[in-house]
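Presented below is the structure to which this report refers.
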Amino acid sequence: MTALSGMASLVLLAITWNRLMDALDAILTRRTVPPAKMGPPGPDAVELRRILAAGAAAPDHGLLRPFRFLVVQDEGRARLGELFAACVRRAALDVSPQEIEKQRTAPLRAPVIVIVVAKVEQDHPKIPAIEQIAAAAAAAQNMLLAAHALGFAAKWATGRQAYDEGVKAGLGLGPADRIIGFLYLGSYAAEHRAAPRGGIEDIVQAWPPAMEG
Ligand SMILES: Cc1cc2nc3c(=O)[nH]c(=O)nc-3n(C[C@H](O)[C@H](O)[C@H](O)COP(=O)(O)O)c2cc1C
1 MTALSGMASL
11 VLLAITWNRL
21 MDALDAILTR
31 RTVPPAKMGP
41 PGPDAVELRR
51 ILAAGAAAPD
61 HGLLRPFRFL
71 VVQDEGRARL
81 GELFAACVRR
91 AALDVSPQEI
101 EKQRTAPLRA
111 PVIVIVVAKV
121 EQDHPKIPAI
131 EQIAAAAAAA
141 QNMLLAAHAL
151 GFAAKWATGR
161 QAYDEGVKAG
171 LGLGPADRII
181 GFLYLGSYAA
191 EHRAAPRGGI
201 EDIVQAWPPA
211 MEG
């Protein structure tokens, strides 16, 4: 190895290491921010493209690309609010006018909403539905992380609306499509104290477990 190529390798190693740390920082510092604590601006066109590209970079068994991202902004948010309001009206006859109004205005609190949809091919010969849904969930998490890395607040939410056939039809989705989540994206507008996270002790164990006695 020449002195020059040795130096180039060192520089490359330093850059790679630095990127690795950035990714870990983003993963470990990301916290959910409720849309009520968000405000404008949302990601601009270039930032949004990077966020969506991060979603499309999710691991995907069989390269089926079993996910779609519906980008809702501007007037589209009011249309989404109408679908949410209709959803709670359908769910309960005695729903209060306040609840209907809350649902109608819910999407207006975030400048951008990305709806992550799993396009599930039920009878795929090799890739079961759960893996296609897992790929779409990985896409959602990639987008949350990308938004966080770009300095935006974000929340992944589902609720009754995600499982409502009327909402799905209103979004142009078919019966086999699954809404994985509504990703609310915006700027930090108010302080939010995230709930403490548990450690890893309760969820990690060696396998096989140590033999007793
Ligand atoms: C599939 C999925 C659906 C979720 N739906 C909701 C929801 O409808 N409402 C809610 O408050 N949190 C929901 N969450 C949880 C929050 O997005 C958040 O991850 C959780 O409160 C933990 O906070 P953290 O992200 O700061 O660790 C959902 C998370 C996932 C993975």
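Be aware that the sequence shown starts at 1, since it is given in full-length UniProt numbering, and climbs by one per residue.
Glycine included, every Cβ here is placed at the ideal spot set by N, Cα and C.
Is the Cβ-Cβ distance between residue i and residue j less than 8 Å?
i: Gln132; j: Ala118; result: yes
Who are residue i's beta bridge partners in DSSP?
i: Gly39; result: Ser187
i: residue 215; result: Residue coverage of the chain in this structure runs from 1 to 213, which leaves residue 215 outside it and unanswerable.
i: Gln73; result: Val112
i: Lys155; result: Tyr184
i: Ile179; result: Val117
i: Phe84; result: Bridge partners of Phe84: none, in fact.
i: Arg68; result: Val117
Using only CA atoms, which one of the options lies nearest to residue i?
i: Ala189; options: Ala54, Arg30, Gly39, Thr29; result: Gly39
i: Ala85; options: Gly76, Glu75, Leu70, Ala106; result: Ala106
i: Glu165; options: Ile51, Cys87, Leu70; result: Cys87
i: Pro128; options: Leu63, Asp25, Ile115, Pro111; result: Leu63
i: Leu173; options: Ser96, Ile115, Thr158; result: Ile115
i: Glu191; options: Asp22, Pro35, Leu28; result: Pro35
i: residue 224; options: Trp207, Leu183, Ala206, Gln122; result: It is not possible to answer for residue 224, since the shown part of the chain is limited to 1 through 213.
i: Ala26; options: His148, Pro196, Ala92; result: His148
i: Ser187; options: Ala154, Ala169, Pro208; result: Ala154
Hey, residue i and residue j are a contact pair by Cβ (cut 8 Å); roughly how many whole angstroms apart?
i: Arg178; j: Val120; result: 6 Å
i: Glu144; j: Trp156; result: In the sequence as displayed, the identity of residue 144 is Leu instead of Glu. At roughly 6 Å, the Cβ-Cβ gap stays under 8 Å, so Leu144 and Trp156 are in contact.
i: Phe69; j: Leu52; result: 6 Å
i: Ala136; j: Ile180; result: 5 Å
i: Ile113; j: Val72; result: 4 Å
i: Leu150; j: Glu47; result: 5 Å
Does chain C have any CB closer than 8 Å to the CB of residue i?
i: Leu64; result: Reference to chain C is not applicable here, since this structure consists of a single protein chain.
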